[in-house]
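Q: Numbering (my numbering), first residue to last: 9 to 260.
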Amino acid sequence: MKKLLYTLILSIILVGCKENNTTPEPTPETTKLVSLEGTWDNFQQYWLENTETDIHRVKTDDKHRHLSMVIQEVENGGYSAALKEGRNGQQFVETMALSEADLAGPDFKIDGDTLYVTGRSHFENKDPYKFIRTRKFSGWIEVPMKQYPDSIYRKSNLEIHDQGGMAELHVDGIQYTAELTQLLFGQKLAIMKLAIYDMPLDSVEINSRSISYTWLNPEAKRTGINLRKVTSGWTLIEPGYINSDNTKFDKK
9 MKKLLYTLIL
19 SIILVGCKEN
29 NTTPEPTPET
39 TKLVSLEGTW
49 DNFQQYWLEN
59 TETDIHRVKT
69 DDKHRHLSMV
79 IQEVENGGYS
89 AALKEGRNGQ
99 QFVETMALSE
109 ADLAGPDFKI
119 DGDTLYVTGR
129 SHFENKDPYK
139 FIRTRKFSGW
149 IEVPMKQYPD
159 SIYRKSNLEI
169 HDQGGMAELH
179 VDGIQYTAEL
189 TQLLFGQKLA
199 IMKLAIYDMP
209 LDSVEINSRS
219 ISYTWLNPEA
229 KRTGINLRKV
239 TSGWTLIEPG
249 YINSDNTKFD
259 KK
């Protein structure tokens, strides 16, 4: 009788332990992807694989193309993804139709603002394509006008993103390009860099040398640089954003 009682107690304990340690089955809410609408770019991945600077470069034979995607929800359900290639998305590749089942499948994995894509046409590398959600910035570039002392030429209301976005100023033979990028310094330290090139936008390549640059944390919402011969400032576009293009600064 005691043996039977001990057996029953042990069975109850084991069942209780099993129930407490069992991971609950994921529900549709826990597995649902966050919104994919917006622009995604793998500039950081492309730069790491192609930079000529040894401390930053990821050495691999599995190099990825530089691609960007603009993903939008469509009226009849699912999404469309406009795929482009190259700096500033110069080359249109294809508009892909993606169902919710596609996005929830093994080819698409999302972790915060990073999207990993593999196993489909255009994404057949053994390592996934690593797209980062872009943040749009509004800003300006200005240079002094040599022929008019104390005067400047300013190009305002420009828009770029923080995944290799660029904007240029070209006036009277003066050519400058501003570039905003998120990078991994030494493959470890995440930064956002604002660089200035003394060349037109179309001439800036992955290993072009900037005349100067500044860096800050990748979550920053405002950045700028003043080299005297060229000045540039950028502010994250979000509700209530303020910069010198959309706000009047009264002198007191």
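Each residue gets a CB set at the ideal place from its N, CA and C atoms; glycine is no exception.
Count Cβ pairs between the stretch 90–99 and the stretch 69–79 that sit closer than 8 Å; are there 3 or more?
A: The stretch 90–99 is in contact with the stretch 69–79.
Q: With burial defined as no fewer than 16 other Cβ atoms inside 10 Å of the residue's Cβ, what is the status of valine 212: buried or exposed?
A: Here residue 212 refers to the residue found at position 204 of the sequence shown. Valine 212 is buried by the Cβ-count criterion.
Q: Counting only runs of 3+ residues fully inside the stretch 201–226, write out the beta strand (DSSP E) ranges in chain order.
A: Taking only runs of at least 3 residues, the beta strand (DSSP E) segments lying wholly in the stretch 201–226 are 220–224.
Q: Using C-beta distances below 6 Å, list every residue in its chain close to leucine 56, excluding the 5 sequence neighbours before and after it, in chain order.
A: Translated into positions along the sequence shown, residue 56 becomes position 48. Cβ within range, chain order: Val66.
Q: In chain order, what residues of the same chain lie with their CB nearer than 7 Å to the CB of leucine 4, ignoring the 5 residues before and after it?
A: This structure cannot settle anything about residue 4, because the visible part of the chain is limited to 9 through 260.
Q: Please classify isoleucine 140 as buried or exposed, where buried requires at least 16 other C-beta atoms within 10 Å of its C-beta.
A: To locate residue 140, count along the sequence shown from 1; it is residue 132. With 16 or more other Cβ atoms within 10 Å, it is buried.
Q: Across which residues does DSSP place tryptophan 148 in a beta bridge pair?
A: Here residue 148 refers to the residue found at position 140 of the sequence shown. BP columns for tryptophan 148 point to Gly241.
Q: Span of the alpha helix (DSSP H) holding aspartate 110?
A: Here residue 110 refers to the residue found at position 102 of the sequence shown. It spans 108–112 - the alpha helix (DSSP H) in which aspartate 110 sits, taken as one unbroken run.
Q: Could you say which of Asp115, His130 and Phe193 lies nearest to glutamate 102 if we only look at CA atoms?
A: Residue mapping note: residue 102 aligns to position 94 of the sequence shown, counting from 1. With distances taken between Cα atoms, glutamate 102 lies closest to His130.
Q: In terms of residue numbering, what span does the alpha helix (DSSP H) encompassing asparagine 50 cover?
A: Counted from its first residue, the sequence shown places residue 50 at position 42. Per DSSP, asparagine 50 belongs to no alpha helix (DSSP H) and is neither H nor E.
Q: Which of the three DSSP states is assigned to threonine 38 in this structure?
A: By 1-based counting over the sequence shown, the position of residue 38 is 30. The predicted position of threonine 38 is uncertain, since its pLDDT is 30 and thus under 50; a value taken from the coordinates is nonetheless stated next. Threonine 38: helix per DSSP, three-state reduction.
Q: Do leucine 166 and serine 146 have their CB atoms nearer than 8 Å?
A: On the sequence shown, residue 166 is found 158 positions in, with the first residue counted as 1. On the sequence shown, residue 146 is found 138 positions in, with the first residue counted as 1. Yes, they are a contact pair.
Q: Answer with buried or exposed for glutamine 98, where buried requires no fewer than 16 other C-beta atoms within 10 angstroms of its C-beta.
A: On the sequence shown, residue 98 is found 90 positions in, with the first residue counted as 1. It counts as exposed.
Q: When you compare the CB positions of asparagine 225 and methionine 200, do they come within less than 8 Å of one another, or not?
A: Indexing the sequence shown from 1 puts residue 225 at position 217. Indexing the sequence shown from 1 puts residue 200 at position 192. Yes. Within cutoff.
Q: Quick check: the Cα distance between alanine 198 and proline 247, rounded to an integer number of angstroms?
A: Position 190 of the sequence shown, counted from the first residue, corresponds to residue 198. Position 239 of the sequence shown, counted from the first residue, corresponds to residue 247. Cα-Cα distance, rounded: 26 Å.
Q: Let me make sure I understand the geometry here. Which of Ala203, Asp180, Ser88 and Leu244 has the alpha-carbon closest to that of serine 43?
A: As a position in the sequence shown, residue 43 is number 35, starting the count at 1. Checking every option, the nearest Cα to that of serine 43 belongs to Ser88.
Q: With a 10 Å radius around its C-beta and 16 neighbouring C-beta atoms as the bar for buried, classify asparagine 29 as buried or exposed.
A: Taking the first residue of the sequence shown as 1, we reach residue 29 at position 21. Residue placement at asparagine 29 is flagged as unreliable, the pLDDT there being 34, under the threshold of 50; a coordinate-derived value is accordingly withheld.
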